[in-house]
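Down below is the structure, laid out as structure tokens.
Protein chains in written order, with my numbering: chain P, 69 to 501; chain L, 69 to 501.
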């Protein structure tokens, strides 16, 4: 079956899926969970093929760790499914109930968005999480996983979709695509797809965003900041800086730029630079920063010279940009100009400065006295997440179940016409019910 | 000042505006209201120039009525401003408050979207409504009104912005653009504009949507349906059909297509066709419909032949498409395929059929036993509206104050790092506060 054929009926499938009861969707989740457990040997075997291929290609250990699917990862996704089953049904919530006039009642009711296309990196557990979120929220899903796990993805999709269909979900509500060329075809299917959520490299997400008129939710880059204010507790500042930069360098909420208040540089900078050196982090800084660093540390610590216009850089590695700033307002201006509106943290003991920073920094996640690495659906207690959005429309920050819902207005009348209200014969009374 | 210069500082202005208190924004609204009243003679005079020009160009009476700004329209917008002042502040609402762990508190807080560009038709009262909504919601506004009211728009913007700035709103938060060429420049300003809300013709909105990467909210067309079910009350069906088609033909929520259950055609069609003929409405139908009509009414009622593929047509005039359908499911399938997901109504006395129709029709506004013309911010009791969205992301249906808001996550810590949670040294406790 060709790709366009696969999508042909998905809009009507989406409407049928949105009309299923909570018991059907929870039953399907339970069936998926049991099937994953029962078929785990087959899944692990397919995964071994992917791991072997990755080793043969000489991929790094950290990449291979991500694409492995074993008992531990299985138990993680099984827990996730249990958690989803226990959550209240997101469909059919009355978000507004208003009597407009006698016998004319308006409801705003939550409904699934419809058909969501998710393109994600080589993590088999992400496939299971995303499929489960779509089942719970009643959305049809078009899934494209990373090619490094194609064997694992294929068997996972077989197991998940056949369990879901047997448990009465409408056939065709979960579609897998395997080829990059199919992604290109899909970008023009604005009649079939309501939303694309791409995860991956900056260049890839930018490419998706500029080649489709379908709404895209997600983030292209994560240029996150930690600002160390004059009133920072030095010990907290050091601990948080190290975590934000090195706890996991290849992720979008890792810190890329440290902004250091000039009034605390003498106290903070020597320890900071030594700590980063010991952690294997290369410092980059503008002329002013390097002069200050040299004046404090001599030539002990090396630092790469960077232009002031390069503060957009996302390293995703053991490297960071550093800059001295005059005060919190200079830090805010820098973050709003050079950041990616993802996650930015201030370290200070001054309550007013915290409030000012958190109000004025225009990012999805603003933090005080903790690591930027906390911005994440699981750590925010949302259960699973489909991604993190730096856009301001619809959903912002980590996107869980709620971000996969929209609403419709239902108006129940008994013969009312607008002419009667326009002429003044009748009046609205607007009473919330 | 060039257009790019006008926009240069608008992002930082937006952040300052978002940080103003409710008293400042309500004070500005009050000042705007008083200025409009005090300067009304100047405004009416400018409006007379526009009306004169429109008359000289031979524009229709209904168009001239729309672009007039007189005491009645002024009193309407003044009432609207009073209503906005009385509404609770949409900024700073805690949408979620959760303790992640001891001393690590997460809040989801409502904030303005930022910079919103509104392009709207020649209605001076729309300019005042939109500017007031943006002031109340703390959003910077870039406004482009219809050129037929350029004199009125210019004086209104002068009066509104000078009153708002005197009342301490940040200078530059309200920008007017007058030239169509500036709209084209603006479409590439994704760094300055967060959202475009275009109102106008289908072709114009399509043009905007396909020439920018800035999110666009609104609707291109309004192909709305009334379905007359076999269990319809004939009298209600006739009354609602006439209102939905003729109460105001040039608006997006006017009915364009009538779907008639075959099982009620004999009873309904003769009266319907005669009523539409008397109202000056031209019927269009496919071969099957015309044969049925002729068999019932002879050649009394003329009907234009249309192809089955032409049911996408939006007339915005005294004309409509008609089609016979087998049952409610055929009606639903037709609406989901040919409609624009705007507003669709079913006429029936059968409660189960109503529920089925309202669940399965994939539109922003689904209605039963009332006119499609009810879908409107004012009639839904939202006060003013900035437009109606047929998209499923962010806001759907009539968009009022709520649709102009987004949120940010604020996380307050006291030294927490992710490493401690990743290693198992610490656990999240996730307690909603």
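In this text, a Cβ means the ideal position worked out from N, Cα and C, and glycines have one as well.
A buried status is given to residue 135(P), since no fewer than 16 other beta-carbon atoms sit within 10 Å of its beta-carbon.
Looking at the DSSP output, residue 372(L) bridges to 352(L). C-alpha of residue 392(P) to C-alpha of residue 481(L): approximately 24 Å in a straight line.
In the DSSP assignment, residue 249(L) is bridged to no other residue. With a contact defined as Cβ atoms closer than 8 Å, residue 432(P) and residue 409(P) qualify at about 6 Å. A Cβ-Cβ separation of about 4 Å places residue 312(L) in contact with residue 323(L) under the 8 Å criterion.
Assignment of residue 266(L) by DSSP, reduced to helix, strand and coil, places it in the strand class. DSSP, read as helix, strand or coil, puts residue 107(L) in coil. Below the 8 Å Cβ cutoff, chain L contributes 460, 461, 464 as neighbours of residue 474(P), in chain order.
Fewer than three beta-carbon pairs drawn from the stretch 248-259 of chain L and the stretch 224-237 of chain L are found closer than 8 Å, and the two stretches are therefore not classed as touching.
Taking 8 Å as the cut-off, the Cβ atoms of residue 434(L) and residue 418(L) do not count as close. Distance check between residue 493(L) and each of 164(L), 169(L), 146(L), 126(L) places 169(L) closest, using alpha-carbon atoms only. When only Cα atoms are considered, residue 109(P) and residue 138(P) end up about 9 Å apart. The alpha helix (DSSP H) runs lying completely inside the stretch 73-101 of chain P and spanning 4 residues or more are 78-86, given in chain order. Setting aside the 5 residues that flank it on each side, residue 141(P) is surrounded in the same chain by 193, each with a C-beta closer than 6 Å to its C-beta; the list follows chain order.
Contact of residue 281(L) with chain P by beta-carbon distance below 7 Å involves 277, 278. Proximity to residue 354(P) across 337(P), 317(P), 368(P), 376(P) peaks at 376(P), based on C-alpha coordinates.
The C-beta of residue 477(P) comes closer than 8 Å to at least one C-beta of chain L. Secondary structure in the stretch 416-466 of chain P: the beta strand (DSSP E) runs of 3 residues or longer, each lying completely within the stretch, are 433-438, 455-457 in chain order.
In the same chain as residue 219(P), and ignoring 5 residues on each side of it, the C-beta atoms closer than 6 Å to its own belong to 114, 117, 118, in chain order. What residue 441(L) touches in chain P, judged by beta-carbon distance under 8 Å, is 485, 486, going in chain order. The residue from 369(L), 446(L), 277(L) with its alpha-carbon nearest to that of residue 147(L) is 446(L).
Not flagged as an interface residue toward chain P: residue 199(L), since no C-beta distance is shorter than 8 Å. In this structure, the CA atom of residue 343(P) is about 46 Å from the CA atom of residue 471(L). With a threshold of 8 Å between beta carbons, residue 406(L) makes no contact with chain P.
Sequence-ordered contacts of the stretch 310-321 of chain L with chain P read 311, 315 [C-beta pairs closer than 7 Å]. Contact between residue 297(P) and residue 184(P) does not hold, since the beta-carbon distance rounds to 41 Å and is not under 8 Å. It is roughly 7 Å from the alpha-carbon of residue 86(L) to the alpha-carbon of residue 207(L).
A contact between stretches requires three or more CB pairs, one per stretch, nearer than 8 Å, and the stretch 452-462 of chain L fails this requirement with the stretch 70-83 of chain L. Where residue 161(L) is concerned, there is no enclosing beta strand (DSSP E), because DSSP gives it neither an H nor an E. If you ignore the 5 residues before and after residue 186(P), its C-beta comes within less than 6 Å of the C-beta of 198, 211, 265, all in its own chain and listed in chain order. Listed in chain order, the alpha helix (DSSP H) runs fully inside the stretch 255-304 of chain L are 270-278, counting runs of at least 4 residues.
In the structure shown, residue 413(P) adopts extended strand secondary structure according to DSSP, grouped into three states.
Out of 427(P), 96(P), 123(P), the CA that lies nearest to the CA of residue 234(P) is found in 96(P). The closest CA to that of residue 379(P), considering only 373(P), 82(P), 174(P), 389(P), is found on 389(P). By the CB criterion at 8 Å, residue 175(L) and residue 443(P) fall outside the cutoff.
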